[in-house]
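In what follows, a single structure is set out as C-alpha cells and then discussed.
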Amino acid sequence: MHNGTTITQFIIEEQRKIEGATGDFTSLLNDIVTACKVISNMVNKGELIGVLGSAGSENVQGETQKKLDIITNEVFLKSNEWAGHLSAMASEEMDDIYEIPNQYPRGKYLLTFDPLDGSSNTDVNVSVGTIFSILRCPGERVCPNKDAFLQPGTQQVAAGYALYGPSTMMVLTTGNGVNGFTLDQDIGEFILTHPNMTIPQSTREFAINASNMRFWEQPVKRYVDECLAGAEGPRGEDFNMRWIASMVAEVHRILTRGGIFMYPIDEKMKAKGTGGKLRLMYEANPMSFVVEQAGGMSSTGRQRIMEVQPDDLHQRVPVILGSSEEVERVVGYHCD
Ligand code: AHG
Ligand code: MN
Ligand code: MN
Numbered sequence: 130m131h132n133g134t135t136i137t138q139f140i141i142e143e144q145r146k147i148e149g150a151t152g153d154f155t156s157l158l159n160d161i162v163t164a165c166k167v168i169s170n171m172v173n174k175g176e177l178i179g180v181l182g183s184a185g186s187e188n189v190q191g192e193t194q195k196k197l198d199i200i201t202n203e204v205f206l207k208s209n210e211w212a213g214h215l216s217a218m219a220s221e222e223m224d225d226i227y228e229i230p231n232q233y234p235r236g237k238y239l240l241t242f243d244p245l246d247g248s249s250n251t252d253v254n255v256s257v258g259t260i261f262s263i264l265r266c267p268g269e270r271v272c273p274n275k276d277a278f279l280q281p282g283t284q285q286v287a288a289g290y291a292l293y294g295p296s297t298m299m300v301l302t303t304g305n306g307v308n309g310f311t312l313d314q315d316i317g318e319f320i321l322t323h324p325n326m327t328i329p330q331s332t333r334e335f336a337i338n339a340s341n342m343r344f345w346e347q348p349v350k351r352y353v354d355e356c357l358a359g360a361e362g363p364r365g366e367d368f369n370m371r372w373i374a375s376m377v378a379e380v381h382r383i384l385t386r387g388g389i390f391m392y393p394i395d396e397k398m399k400a401k402g403t404g405g406k407l408r409l410m411y412e413a414n415p416m417s418f419v420v421e422q423a424g425g426m427s428s429t430g431r432q433r434i435m436e437v438q439p440d441d442l443h444q445r446v447p448v449i450l451g452s453s454e455e456v457e458r459v460v461g462y463h464c465d
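Going by my numbering, the first residue of the sequence shown is number 130, and it counts up by one from there.
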C-alpha cells in the first residue's frame, strides 16, 4: 500500500492554487500521464510484443524511424486528441501539425512532444524517454496552423519528461519548481518521490558526444580540454564523463547529481546548414524549462534557449544545459 501523493492528486492540488482554473489543464496533464504509462508498458515488454527494431521509414528530419517511434507517436496522439483540451499537436515524427479531428471538441492548448527520445537505445535495452511541452493556443483556436506553435520557450505553460529506466519516472514543471514521480507498477500510479528537485550547482561531470570533437567550435573545445586536463590543468580538479545518447536520461542525471550536457553546433552542422542536432520545440525548450525551474541554466552558447524565437516546427538549436556554474563558464568562453 502506498501512502504517498499520486500525480493526479498533486496536479489537482496545484490547480486549486490558481484562481479561475477550469480543470482543463489538469485533465490534459492526466491524459499525458496515461500516454506515458502506456509507452512505459510497451518499452518494458520490448521484444515480447515485437516492437523493437527499425520500421524501415524516415521521419521529416531524415532519421530512420524505429517501430517504437511510430507506435509511441500514435499512442500520444490517441491519448490526447479526444478530451477537448487541445487544438493541435506537433511531434518529432510528423512533418506537419496534427489538428484535432472534427469529431472532437477543440481546446485552448497546443502540445508538442518527442514520443521516444533516445530511440536508438531501445534495441540495446538502455533508458529512453518521452518529452513534452504545453503552449497556449494564441487567438483563434478552432483552426490553428503551424505558426501558432512558433512561440519562444518562455511561453510554455508546462513541460516535462517521462524516463523509462530501471524505474519509470515522470518529471514535471508548471513554472513553479520541478517535481518527480515514480511509477508504482503494481497500482499503476505515479507517486511523488522527488519533490522540489534542484540541480547541484558545482559539479565535476560533463556529457558530450566526443566523436564530434574535431568539428567543435573553439569555446567548446576549450571547455572540454580543460576538463580533460584534470587536476593538473587550469580547473585544478579531475572530471568525469558520461554519454548515454538519451537526452532524457542525461537531463535526469543532471537533475539528480548535477553536471553539464552539451550538444553544441559544430563545423559539420554549419556546412550542412542546420542550427544544431536537438530540436527546439520538443526537446530543447521543454528540457530548458525543467532545468531552469530546477535552478540550472540552458543556453545555445550565445543565447538563453527559451528566448530563441522559433521560425520552424522542426528547428534545431545548439544545447548547453545543466549546473549554472558550468553553463556560465561555457557561455563566457563563447563571449571571449
Ligand atoms: P531521438 O532519439 O528523439 O532522435 O533523440 C536522440 C537525441 C538525444 O536524445 C541524444 O542526446 C542525441 O540525440 C544523441 O545523439 P548522438 O547519437 O549523436 O550521440
Ligand atoms: Mn529526441
Ligand atoms: Mn524521438
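For glycine and all other residues, C-beta sits at the position ideal for the given N, C-alpha and C. Keep in mind it's a predicted model, so treat the numbers as computed, not measured.
Sequence-distant partners of Thr137 (beyond 5 residues in either direction) whose C-beta falls short of 7 Å from its own C-beta, in its chain, are Asn159. As DSSP reads the structure, Gln194 sits in a beta bridge with Ser186. In this structure, Ile373 is the residue among Cys165, Ile373, Thr429, Ile320 with its C-alpha nearest to the C-alpha of Ala339. Taking C-alpha positions only, Met218 is separated from Met298 by approximately 23 Å. In this structure, Gly309 keeps its C-beta atom at 8 Å or more from the C-beta atom of Ser417. Here the C-alpha atom of Phe368 lies approximately 46 Å from the C-alpha atom of Ser216. Ranked by Cα distance from Val448, the first of Asp441, Ala423, Gln422, Glu379 is Glu379. When DSSP reads this structure, Ala378 sits in no beta bridge, so it has no partner. With a cut-off of 8 Å on Cβ pairs, the stretch 304-322 is not in contact with the stretch 426-444, counting fewer than three such pairs.
The DSSP-derived three-state label of Thr332 is coil.
Distance from the Cα of Pro393 is smallest, within the candidate group Gly425, Glu210, Leu450, Ala287, for Leu450. In the structure shown, Pro415 adopts helical secondary structure according to DSSP, grouped into three states. Between Gln330 and Ser453, the C-beta spacing is below 8 Å. If one requires a minimum length of 3 residues, the beta strand (DSSP E) runs lying completely within the stretch 249-329 are 257-265, 287-293, 297-302, 307-313, 318-323, in chain order.
For Gly451, the enclosing beta strand (DSSP E) covers residues 448-451. Within its own chain, the residues whose Cβ lies closer than 8 Å to the Cβ of Pro273, once the five positions on either side in sequence are excluded, are Ser216, Ala217, Ile226, Glu228, Leu239, Cys266, listed in chain order.
Under the DSSP definition of a beta bridge, Asp243 partners with Ile260.
CA-CA distance, Leu409 to Ile383, rounds to 19 Å.
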